[in-house]
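Read the structure below first, then the notes.
4 protein chains.
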Amino acid sequence: MSRISSLSHPANAGDRAGNFAAVRALSEGLVAPLSEADATLQSMEDASPAKWHLAHTTWFWETFLLRDHAPGYTLYDERWPFVFNSYYEAEGERIDRFSRGMLSRPTLSDLLDWRAHVDAAMVSLLDREDLAPLIDIGLAHEQQHQELLLTDIKHALFQNPLGPAMWDSPPPPAVHTGERGWHRHPGGIARVGHLTGGFAFDNEGPAHRKLFEPFALADRLVTNGEWTEFIADGGYAAARLWLSDGWGWVRDHGITAPLYWRDDEQFTHAGWQSRDPHVPVTHISYYEADAFATWAGFRLPTECEWEVIARGTQGEVAAHDPAAGNQLDRAHAPMPKGGTDLFGDCWQFTRSAYLPYPRFQPAEGAVGEYNGKFMSGQFVLKGASCATPRGHSRASYRNFFYPHQRWQFTGLRLAKDLP
Amino acid sequence: MSRISSLSHPANAGDRAGNFAAVRALSEGLVAPLSEADATLQSMEDASPAKWHLAHTTWFWETFLLRDHAPGYTLYDERWPFVFNSYYEAEGERIDRFSRGMLSRPTLSDLLDWRAHVDAAMVSLLDREDLAPLIDIGLAHEQQHQELLLTDIKHALFQNPLGPAMWDSPPPPAVHTGERGWHRHPGGIARVGHLTGGFAFDNEGPAHRKLFEPFALADRLVTNGEWTEFIADGGYAAARLWLSDGWGWVRDHGITAPLYWRDDEQFTHAGWQSRDPHVPVTHISYYEADAFATWAGFRLPTECEWEVIARGTQGEVAAHDPAAGNQLDRAHAPMPKGGTDLFGDCWQFTRSAYLPYPRFQPAEGAVGEYNGKFMSGQFVLKGASCATPRGHSRASYRNFFYPHQRWQFTGLRLAKDLP
Amino acid sequence: MSRISSLSHPANAGDRAGNFAAVRALSEGLVAPLSEADATLQSMEDASPAKWHLAHTTWFWETFLLRDHAPGYTLYDERWPFVFNSYYEAEGERIDRFSRGMLSRPTLSDLLDWRAHVDAAMVSLLDREDLAPLIDIGLAHEQQHQELLLTDIKHALFQNPLGPAMWDSPPPPAVHTGERGWHRHPGGIARVGHLTGGFAFDNEGPAHRKLFEPFALADRLVTNGEWTEFIADGGYAAARLWLSDGWGWVRDHGITAPLYWRDDEQFTHAGWQSRDPHVPVTHISYYEADAFATWAGFRLPTECEWEVIARGTQGEVAAHDPAAGNQLDRAHAPMPKGGTDLFGDCWQFTRSAYLPYPRFQPAEGAVGEYNGKFMSGQFVLKGASCATPRGHSRASYRNFFYPHQRWQFTGLRLAKDLP
Amino acid sequence: MSRISSLSHPANAGDRAGNFAAVRALSEGLVAPLSEADATLQSMEDASPAKWHLAHTTWFWETFLLRDHAPGYTLYDERWPFVFNSYYEAEGERIDRFSRGMLSRPTLSDLLDWRAHVDAAMVSLLDREDLAPLIDIGLAHEQQHQELLLTDIKHALFQNPLGPAMWDSPPPPAVHTGERGWHRHPGGIARVGHLTGGFAFDNEGPAHRKLFEPFALADRLVTNGEWTEFIADGGYAAARLWLSDGWGWVRDHGITAPLYWRDDEQFTHAGWQSRDPHVPVTHISYYEADAFATWAGFRLPTECEWEVIARGTQGEVAAHDPAAGNQLDRAHAPMPKGGTDLFGDCWQFTRSAYLPYPRFQPAEGAVGEYNGKFMSGQFVLKGASCATPRGHSRASYRNFFYPHQRWQFTGLRLAKDLP
């Protein structure tokens with residue numbers, strides 16, 4: 001998912017210093033329950049250590065803001081950019097294959113010192129209007145890494161046979177929704193993509209017209225209980241339900257349930273917990289989502305179908321209310337709780353491949369280099385999960401993952417054609 | 001690529017017996033220059049031995065026509081369906097992982113006897129109107145395997161350090177086209193997908209409306225000479241030109257040129273031949289096509305853009321004139337020769353992922369099972385190559401391959417946005 | 001196993017021309033039942049196609065005899081040495097990784113022509129006394145490849161789900177031996193290694209003294225029936241019986257029986273045949289042999305223990321009587337038949353790693369380059385199998401394979417300490 | 001290397017409690033310079049985290065002493081044996097494939113508490129004569145893990161591009177030895193294996209007679225400077241110098257120097273340090289040692305040759321003087337310093353495969369289960385390294401590793417035949 005891009009237009013310029021402080025503080029809050037060793041773990045190539053996320057986001061501010069725009073600024077440690085740079089080829093050679101999981105040094109304490117140093121230096125830049133676009137990108141970038149930090153550490157703790165918890169908080173009470181209802185759409189032409197003045201990544205534009213046939217989108221997510229029926233009905237053993245690549249994946253990896261399931265339990269940031277049948281299923285792959293939809297007699301929505309419903313029911317700006325929706329903060333483990341919102345429980349797979357919008361132009365330079373770069377082999381997800389920072393997502397947001405990946409809070413909202 | 005599907009409407013019913021005889025004879029003509037050992041080779045998992053193609057297509061007729069519809073027909077050898085069935089899970093369990101390249105038995109002669117037996121038995125079914133749709137599928141299926149047979153054996157012979165030739169015929173004289181011109185399209189709404197009465201695979205439908213922005217499609221393919229400039233300019237070493245997955249592929253496999261290139265030569269069905277700078281480049285991956293387009297300052301077309309230009313310039317029905325366009329027959333090695341036709345030189349990558357059209361419904365049963373099954377991770381190619389049997393393709397045809405595959409005659413036609 | 005080396009002393013000089021003709025004819029006789037396609041198959045990296053064995057042995061004669069010693073000889077085809085050379089780095093660069101299984105050309109007929117050409121040219125060299133050592137190596141080398149040809153083609157045909165037979169001949173009647181008896185040895189000092197005047201590979205020398213403790217060697221091989229008891233007793237599931245590497249191999253590959261076993265059948269050169277409990281078990285790995293011996297309360301012999309018993313019971317020269325012992329010829333499939341001979345049923349694992357004898361010196365030059373080269377990671381096997389050409393083995397012969405390999409006719413003769 | 005076995009006879013019974021305290025304290029001293037995160041790192045499957053070594057050795061005492069012999073003892077945490085057990089299949093099922101590198105919990109502090117608890121409980125058992133053999137094994141076992149802890153953490157820190165140091169101490173001054181001299185042996189029969197009354201692992205016995213030919217063993221180790229000459233002479237590019245498996249390893253992994261070399265530096269526990277040409281080369285594989293010996297015109301010794309020289313020059317008991325020889329303690333990084341001792345600089349490869357001595361019988365039960373288990377594919381090393389705890393080794397000691405492994409302090413002492 002990680003990527004950086006140009007933005008459209010700065011929003012909330014007046015709050016920029018406050019936003020900066022809040023975002024930076026949240027990152028540090030998220031690692032507060034972790035030990036030095038927890039924060040160093042890397043469980044797979046797709047994931048990074050918590051410490052690395054703290055450092056990489058700081059590298060961003062130091063490189064693209066302080067180095068380039070703060071007169072006289074010198075790097076805190078000139079060896080660190082090499083280690084904490086990620087995929088920005090334009091920013092210079094990176095070592096070919098060192099494992100981020102071997103970075104016991106610098107220590108967590110060293111990195112927190114670096115963060116404080118950079119935060120102090122940033123103060124002088126936060127009110128420069130010419131830097132506002134870059135700063136907004138930096139904030140969005142750090143928020144993306146906050147979600148990755150949470151899903152990566154969950155995956156790492158899961159590897160431990162002792163099943164350690166990061167938070168002791170119990171899961172929030174689930175919202176017990178009833179029968180599945182439908183948001184109906186009559187078809188026709190509508191505009192999609194980034195429409196308003198707020199911040200957006202370059203891949204959300206240009207806004208453009210799209211033709212729709214009549215369709216409907218479910219008003220709630222598929223639940224753990226429904227998934228249990230799918231399993232009981234032999235869903236993981238029925239080749240005819242699966243995409244060809246998906247069936248190969250199921251057999252090669254012996255997949256028989258969503259990630260993190262064990263008997264009637266589920267691994268969470270609060271350790272192993274009993275599984276509530278009423279909350280949305282999470283940690284499924286695209287292949288699983290597609291097979292379930294086929295089994296259920298429905299289909300996945302396209303990304304544009306999802307988007308027009310989101311706008312229609314929840315509006316463009318308020319789509320993902322920063323003041324509500326998910327419980328991510330320093331004191332609680334992120335857990336989906338169900339309900340009818342399109343945002344805040346889990347990312348929802350669409351059947352749309354992640355491809356450029358018509359007339360898409362990647363931004364220039366290293367900062368904007370990398371959204372277009374991922375436009376093969378991945379699928380778009382819409383919404384926001386319980387681990388997405390409040391206010392980070394919107395109707396036009398395009399998240400993307402490979403069809404086999406499932407360590408994010410990924411779920412499924414069904415769709416169907418209307419006559 | 002291999003897939004089978006429902007059809008729309010039978011065409012040329014009067015010629016069905018003649019078509020059957022011609023298609024069956026062409027398959028056998030294609031293997032005439034091969035030895036028993038050549039016909040047994042399998043060079044990679046994506047490819048199959050020539051003998052297997054001969055047998056698999058025969059299995060199709062025996063299974064879906066003779067077994068199901070010819071009263072009293074008994075299988076020629078009841079152990080063979082297990083071996084020559086391909087991906088039709090609905091037709092029963094297949095062995096997990098035997099290598100088709102180990103099938104020295106049955107012999108080529110055994111298989112030709114089987115073909116003759118099946119052809120004789122088929123005579124009584126060829127004029128049954130109720131079977132016409134199935135027969136048309138069988139013909140299209142066998143034509144697809146003719147192209148695969150040719151590209152698979154080319155890949156197998158290429159593995160031999162001695163560089164053996166299958167045909168001695170020299171490559172045809174190239175058509176030296178001039179400067180790149182453009183087919184322009186003003187944008188607006190147009191219908192795409194299978195529109196007319198002829199045969200089509202299920203993935204070409206349903207026909208539907210599509211919104212276009214103004215764009216242009218090049219009137220000729222990118223040539224070997226242009227590709228040489230790309231290489232000379234460091235195209236394979238410039239990370240910024242490549243998709244992220246493509247760059248990984250380039251580095252993991254040490255890619256520095258199209259498949260089959262060596263110095264100023266190119267491996268062909270007629271062995272190693274000098275490379276003509278004026279003919280279309282072939283045997284490139286999606287990743288390479290995309291990087292080239294970026295380097296050249298253009299982009300790949302979408303599948304629908306390609307289709308509306310094909311209809312506009314060449315018409316729906318005559319799009320791929322069976323009486324012209326490519327030189328595939330028993331006496332000549334398939335080689336692209338250039339020119340301005342959209343069909344007949346090579347398959348052209350589009351930037352469209354291979355996904356279902358709106359309201360797509362896979363056909364019922366084993367025959368129609370498998371088009372939808374491949375709808376993840378692949379890209380659509382349009383046109384037809386010099387190895388495509390005459391009359392097999394059309395404007396709505398959707399070929400598809402993974403972005404790293406390049407053993408087909410794959411090439412590139414540039415596109416650009418218009419104001 | 002394939003390797004070449006210096007020899008001690010030529011034997012049977014008078015018969016050299018006759019031996020040459022007989023050995024060369026046997027190679028061609030072995031491929032007589034094979035089709036062009038059979039002869040091209042390569043089922044794994046350890047194996048080579050039958051055609052390649054025919055060609056590689058011919059390359060040996062052409063290179064080390066004709067090229068180096070026949071005045072005016074020109075290579076039959078100068079591109080072929082590159083393709084049919086094997087591991088002789090000293091003979092020039094070889095291509096890094098082409099698959100021998102892709103060599104449909106040259107054809108079998110081309111290669112037989114080459115063989116005839118080389119055989120004719122060899123006539124003038126066969127009575128040159130200075131070349132006798134090289135010729136004896138060439139004969140031993142071709143005999144080794146005869147055995148590999150047989151075991152490689154068996155492995156290739158086994159991959160075919162149709163289970164084709166190479167020979168129709170039924171297995172020979174088994175010799176039903178009774179209770180296991182023992183060859184006892186009182187311990188002390190004995191000489192081992194190549195002692196007499198006949199041909200031997202360099203790794204069989206120098207002859208040297210060895211200290212023995214009292215021990216006994218079984219007078220017959222372990223049988224299929226005994227192996228079935230091992231399986232029934234949970235032998236493949238009991239970690240404590242296995243070497244650590246062996247247990248890893250069992251689990252990684254899901255091993256539950258010797259290679260080529262299926263229900264109560266066994267794959268042979270004559271296809272699937274019912275398995276005789278009275279004949280020696282074959283196609284087992286070192287790991288399996290060691291686990292069985294542990295289970296049975298015995299151990300494997302050392303290579304020197306085996307050798308001194310072989311000398312004591314059967315003599316040095318007559319150890320492997322050319323006129324008896326195994327049934328390898330053009331008309332019969334090789335099958336172990338049991339009995340009390342140390343030679344001729346199967347190769348017998350010893351617990352001795354394949355290492356240099358004291359004061360071992362590899363021979364100079366390409367011909368003698370490669371026995372020492374394999375002296376890590378492999379174990380010594382003694383005896384000779386039903387697929388070993390008559391007269392090829394002897395008491396001092398050291399065959400060697402990796403502990404996981406089992407496509408040879410490998411079996412097991414138990415040993416024990418005596419007080 | 002890790003293994004446990006029966007012992008011969010307890011030594012220094014009077015000091016057992018003191019030894020116990022000293023050994024336990026040393027383990028903790030070794031991790032004192034490590035952070036919580038350092039101690040959690042696992043850089044490869046062959047290595048384990050420092051924390052795991054601390055825990056695994058404690059698990060040994062708790063399981064085989066306290067659980068089995070201390071009345072009323074209850075496990076400190078009943079979930080931990082599952083996590084800190086290693087290869088003792090007899091002690092119950094272990095999880096199939098969890099990565100030890102993911103064990104951020106229990107924390108280092110948790111584990112030190114466990115150690116203290118176990119140490120306190122052990123007091124009552126340390127003077128029980130019946131347990132002396134088990135205790136001596138426990139001490140030897142913990143000493144082995146001390147060396148592994150040091151070599152494993154070195155390998156882990158090496159992965160970090162920042163090259164962190166664990167100790168700041170500079171390397172000790174090297175001993176500059178002169179020309180290579182030789183220990184000569186006249187040949188004949190000698191006894192080898194564990195002869196005296198002290199502790200020994202089961203694989204060192206039974207003592208037995210061995211026949212020797214006259215030979216000589218170098219009186220010092222091969223140095224960094226000599227290795228540089230080997231490199232300069234193209235040693236890593238000359239196929240003829242290498243074992244076949246070794247040459248494959250060199251090419252597959254692009255090996256061009258010993259592990260930890262970079263330009264004229266070498267990675268050490270004290271970070272990157274300049275490389276002294278006069279000290280022994282270390283961190284080489286068997287393949288490299290063998291190729292060097294071939295290049296130099298010598299050979300590797302056998303394990304018995306090394307042993308008889310060690311006895312002759314240094315005596316059995318005092319072979320590895322606890323009061324001298326290496327500098328391993330809490331304050332200094334282990335570094336070879338050269339000299340003429342057979343012990344204390346690095347482990348020395350022999351050309352002997354690790355196989356059972358005649359009449360070897362593995363000890364009964366879980367404690368003694370595992371020496372025989374490793375007797376395939378590995379080579380014996382003799383001596384002791386700068387990271388071996390003082391007093392741990394002896395002339396009969398048999399260390400063993402696979403021929404490609406080189407993260408231990410492994411080096412090379414040449415041998416040659418005498419007339």
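Protein chains in written order, with full-length UniProt numbering: chain A, 1 to 419; chain B, 1 to 419; chain C, 1 to 419; chain D, 1 to 419. For each residue, glycine too, the CB sits at the ideal point set by N, CA and C. Being a predicted model, the structure only gives us computed values, none of them experimental.
Any C-beta of chain B under 7 Å from that of residue i
i	result
A:PRO403	yes
A:ALA22	no
Short CB-CB distance (under 7 Å) between residue i and chain C
i	result
D:PRO362	no
D:PHE374	yes
D:GLY411	no
D:PRO358	yes
Among the options, the one whose alpha carbon lies nearest that of residue i
i	options	result
B:LEU259	B:HIS278, B:SER285, B:PRO277	B:SER285
C:LEU414	C:LEU157, C:PHE98, C:ALA218	C:ALA218
B:GLY339	B:GLY297, B:ARG220, B:LEU241, B:GLU305	B:ARG220
Same chain, Cβ closer than 6 Å to residue i, neighbours up to 5 away in sequence not counted
i	result
A:VAL222	VAL281, LEU412
B:ALA323	Note that B:ALA323 scores 45 on pLDDT, short of 50, meaning its location in the model is unreliable and no value can be drawn from it.
B:TRP249	TYR287, HIS404
C:PHE230	PHE292, TRP295
B:GLY383	LEU342, PHE343, TRP347, GLN348
Beta-carbon proximity list for residue i, same chain, < 7 Å, skipping 5 on both sides
i	result
A:GLN266	TYR260, GLN273, ARG275
Rounded separation between residue i and residue j - CA only
i	j	result
C:GLY101	C:ASP46	11 Å
B:ALA190	A:LEU195	25 Å
A:PHE343	A:CYS386	9 Å
A:ASP263	B:SER43	44 Å
B:MET166	C:SER104	12 Å
Same chain, Cβ closer than 8 Å to residue i, neighbours up to 5 away in sequence not counted
i	result
D:PRO389	VAL23, LEU26, GLN143, GLN146, GLU147, LEU328
D:ALA237	none
Residues that residue i contacts on chain C, provided the C-beta gap is smaller than 8 Å
i	result
D:LYS210	LEU211
Interface flag, residue i vs chain D, CB-CB below 7 Å
i	result
C:LEU148	no
C:PRO133	no
Under 7 Å by beta carbon: chain B residues contacting residue i
i	result
A:LEU243	LYS373, MET375, SER376
Under 7 Å by beta carbon: chain D residues contacting residue i
i	result
A:SER35	GLU36, SER104, THR107
Amino acids of chain A, ordered along the chain, whose beta-carbon sits closer than 7 Å to that of residue i
i	result
D:LEU41	MET102, SER104
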